[in-house]
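Number of protein chains: 2
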Amino acid sequence: MRNLHKQEFLITRADRERLGGHPGRVVWFTGLSGAGKSTLANALEVELFARGKRTYVLDGDNLRQGLNKDLPFTDEGRVENIRRVAEVAKLMLDAGVIVMTAFISPFKADRDLARELIGPPKFLEVFVDTPLAECEARDSKGLYRKARTGELRHMTGIDSPYEAPTKPDLVIDSGACSIDQSVQALCLLIDRPPG
Amino acid sequence: MRNLHKQEFLITRADRERLGGHPGRVVWFTGLSGAGKSTLANALEVELFARGKRTYVLDGDNLRQGLNKDLPFTDEGRVENIRRVAEVAKLMLDAGVIVMTAFISPFKADRDLARELIGPPKFLEVFVDTPLAECEARDSKGLYRKARTGELRHMTGIDSPYEAPTKPDLVIDSGACSIDQSVQALCLLIDRPPG
């Protein structure tokens with residue numbers, strides 16, 4: 031680290047949260063491709079927006095075409111992908127926003143790093159627990175078919191591991207819960223005082 | 031680019047701007063180290079916040095300790111530093127925020143890339159035009175002294191070039207303008223309809 035001086039700013043997160051009328055949060059969705067992470071983030075954002083909250087969704091596919099477009103789909107690339115997402119989520123949290131992140135984020139160590147960076151009371155880990163068979167049956171992007179034929183490498187659940195959360199803040203069983211029910215559970219989680 | 035699908039979200043920037051009561055902007059400060067970029071961004075944020083606007087400052091020193099801590103202080107590292115800042119500013123703009131960026135951003139090509147990425151009507155380039163002699167006399171971080179003795183390499187203005195903007199949206203002559211006057215000029219610029 032060379033000559034860096036931490037710049038102090040007068041307007042703080044607490045000020046921005048007061049202006050917005052609600053605290054910032056990071057709702058970290060994790061689960062297999064096709065589990066429904068982006069669908070849930072989208073539905074949750076619609077509900078939070080209707081309640082007048084400041085929201086933003088950081089989405090795997092979208093960020094991969096912008097900030098993280100230089101990263102490969104290797105294990106190393108995924109680690110750096112998630113590190114950057116966590117750093118951006120932290121900045122947006124500091125801006126007073128309820129940030130939803132919708133990334134497979136398959137490795138426990140990376141999610142733990144994100145939690146550490148963002149700070150446990152603000153970080154909510156949500157496991158979208160859709161079985162591989164169901165994700166593969168949906169195959170909305172055609173990725174599983176390509177992975178099975180060997181056309182696509184490093185597919186989580188096929189030839190790259192998914193480490194399920196051991197202590198998530200919320201588990202969503204998309205087979206048992208409707209999207210509306212899931213959104214209500216997520217809103218309760220977000221409104222819950224930390225600690 | 032492999033199998034990426036642009037995720038469509040129902041809540042858009044226009045929605046978030048309506049909720050916030052003002053459009054998002056990116057105010058891109060550029061100038062030498064010690065020119066007063068962070069000081070101005072800080073003062074501008076205080077004024078905008080007092081007016082009820084949603085704001086955030088992306089600051090060189092702070093980002094270098096987070097998102098961009100993996101980057102070296104070479105020309106290549108600076109290019110990637112600025113690319114990432116532009117991408118994050120674009121995301122925050124999409125969240126409806128008035129983003130201020132306070133980076134030396136010495137290369138015209140990088141600032142042009144940022145303008146291109148963010149979109150010209152939303153991108154406001156502000157040249158904090160403080161002469162090198164004045165920045166060096168202030169030397170608030172002691173960097174110029176270290177650069178002159180050779181202890182520090184790649185110092186903009188000493189052994190790394192600064193390419194001044196040719197068509198900035200605003201020039202701030204910090205020798206002629208007080209901080210209050212500069213903030214008033216910046217507020218007028220932000221409120222000006224694009225185009």
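Top line first, the protein sequences correspond to chains A and B. In terms of this note's numbering, the first sequence opens at residue 31 and continues consecutively. In terms of this note's numbering, the second sequence opens at residue 31 and continues consecutively. From the three backbone atoms N, C-alpha and C, an ideal C-beta is built for every residue, glycine too.
Interface residues of the stretch 141-153 of chain A facing chain B [CB-CB below 7 Å]: For the stretch 141-153 of chain A, which is checked against every Cβ of chain B, not one residue is closer than 7 Å.
Does the beta carbon of residue 70 of chain B sit closer than 8 Å to a beta carbon anywhere in chain A? Judged by the 8 Å Cβ criterion, residue 70 of chain B is not in contact with chain A.
Which residue or residues does DSSP assign as beta-bridge partners of residue 130 of chain A? For residue 130 of chain A, which the question treats as bridged, DSSP gives the partners A:57 and A:87.
Under 8 Å, CB to CB, which of the residues in the stretch 111-127 of chain A have a partner in chain B? The residues in question are 114, 117, 118, 120, 121, 122, 124, 125, 126 and 127.
Leaving out the 5 sequence neighbours to the left and right, which residues in its chain are closer than 8 Å to residue 132 of chain B when beta-carbon positions are compared? Same-chain partners within the cutoff: 59, 67, 68, 70, 71, 87, 88, 89 and 90.
Same chain, Cβ closer than 7 Å to residue 112 of chain A, neighbours up to 5 away in sequence not counted: Counting only residues of its own chain and dropping the five nearest sequence neighbours on each side, residue 112 of chain A has a CB closer than 7 Å to the CB of 133, 135, 140 and 144.
Could you give the distance in angstroms between the alpha-carbon of residue 217 of chain A and the alpha-carbon of residue 196 of chain A? A direct Cα-Cα distance of roughly 22 Å separates residue 217 of chain A from residue 196 of chain A.
Using a Cβ-Cβ cut-off of 8 Å, state whether residue 79 of chain B counts as contacting chain E. Here the protein chains are A and B, and chain E is not one of them.
Considering residue 202 of chain B, what are the terminal residues of the beta strand (DSSP E) in which it resides? The continuous beta strand (DSSP E) containing residue 202 of chain B extends over residues 200-202.
Please name the residues in the stretch 43-71 of chain A whose beta-carbon is closer than 9 Å to at least one beta-carbon of chain B, in chain order. From the stretch 43-71 of chain A, only 45, 46, 49, 50, 68 and 71 have a Cβ closer than 9 Å to chain B.
What three-state label does DSSP hand residue 155 of chain A in the structure shown? Of the three classes helix, strand and coil, the one that applies to residue 155 of chain A here is strand, per DSSP.
Can a CB atom of chain A be found closer than 8 Å to the CB of residue 32 of chain B? Low local confidence applies: a pLDDT of 45 at residue 32 of chain B is under 50, so the model's placement there is unreliable, and no value is given.
Other residues of its chain near residue 200 of chain A: CB distance less than 6 Å, five sequence neighbours each side excluded: Contacts found: 156 and 219.
CB of residue 117 of chain B within 8 Å of CB of residue 147 of chain B, strictly: Their beta carbons are under 8 Å apart, which means residue 117 of chain B touches residue 147 of chain B by this criterion.
In DSSP terms, what residue 186 of chain B is bridged to: For residue 186 of chain B, which the question treats as bridged, DSSP gives the partners B:190.
When the cut-off is 8 Å and only beta carbons count, does residue 192 of chain B lie next to chain A? No - not a single Cβ of chain A is within 8 Å of the one on residue 192 of chain B.
For chain B, find out if any of its Cβ atoms is closer than 8 Å to the Cβ of residue 40 of chain A; answer yes or no. Interface annotation, residue 40 of chain A: in contact with chain B, CB-CB separation under 8 Å.
Can residue 165 of chain B and residue 65 of chain B be called in contact, C-beta distance under 8 Å? Against a cut-off of 8 Å, the Cβ pair of residue 65 of chain B and residue 165 of chain B comes out as a contact.
Which residue from A:85, A:55 and A:48 puts its Cα closest to that of residue 48 of chain B? If we check each option's Cα against that of residue 48 of chain B, A:85 comes out closest.
Can you give me the Cβ contacts of residue 34 of chain A inside the same chain, cut-off strictly under 8 Å, excluding the 5 residues immediately before and after it? Only weak support is given to the placement of residue 34 of chain A: the predicted model assigns it a pLDDT of 48, under 50, and the value that follows is read from those uncertain coordinates. For residue 34 of chain A, same chain residues with a beta-carbon under 8 Å away, outside a window of 5 residues either side, do not exist.
Tell me which residue opens and which closes the alpha helix (DSSP H) that residue 79 of chain B is part of. Start and end: 67-80.
Quick check: is the beta carbon of residue 96 of chain B nearer than 8 Å to any beta carbon in chain A? Yes, contact with chain A.
Proximity winner among B:56, B:55, B:62 and B:41, relative to residue 163 of chain B (alpha-carbon distances): Considering only alpha carbons, the answer is B:62.
For a contact defined as C-beta to C-beta under 7 Å, what are the partners of residue 87 of chain A on chain B? Simply 39.
Chain-ordered neighbours of residue 75 of chain B on chain A, where CB pairs are closer than 9 Å: Scanning chain A for C-beta atoms nearer than 9 Å to the C-beta of residue 75 of chain B yields 39, 40 and 41, reported in chain order.
Which one of B:130, B:149 and B:177 has the shortest CA to CA distance from residue 213 of chain B? Looking at the Cα atoms, B:130 is the closest of the given residues.
Is residue 123 of chain A helix, strand or coil by DSSP? It is helical.
So with Cβ pairs under 8 Å, would you call residue 82 of chain B a contact of chain A? Yes, because at least one Cβ of chain A sits closer than 8 Å to the Cβ of residue 82 of chain B.
Where the alpha helix (DSSP H) through residue 166 of chain B begins and ends: 162-168 is the extent of the alpha helix (DSSP H) around residue 166 of chain B.
Inspect the beta-carbon positions of residue 46 of chain B and residue 167 of chain B and report whether they are closer than 8 Å. It is not a contact, given that the beta carbons lie outside the stated cut-off.
By the three-class DSSP mapping on this structure, what secondary structure does residue 112 of chain B have? In the structure shown, residue 112 of chain B adopts helical secondary structure according to DSSP, grouped into three states.
Of the residues A:198, A:173 and A:93, the one placed nearest residue 186 of chain A, counting alpha carbons only: Taking the Cα of residue 186 of chain A as reference, the smallest distance to any Cα among A:198, A:173 and A:93 is reached at A:173.
Measure the alpha-carbon distance for residue 92 of chain A versus residue 108 of chain A and round it to whole angstroms. Just so you know, the alpha carbons of residue 92 of chain A and residue 108 of chain A end up roughly 15 Å apart.
In chain order, what residues of the same chain lie with their CB nearer than 6 Å to the CB of residue 101 of chain A, ignoring the 5 residues before and after it? 107, 110 and 111, listed in sequence order.
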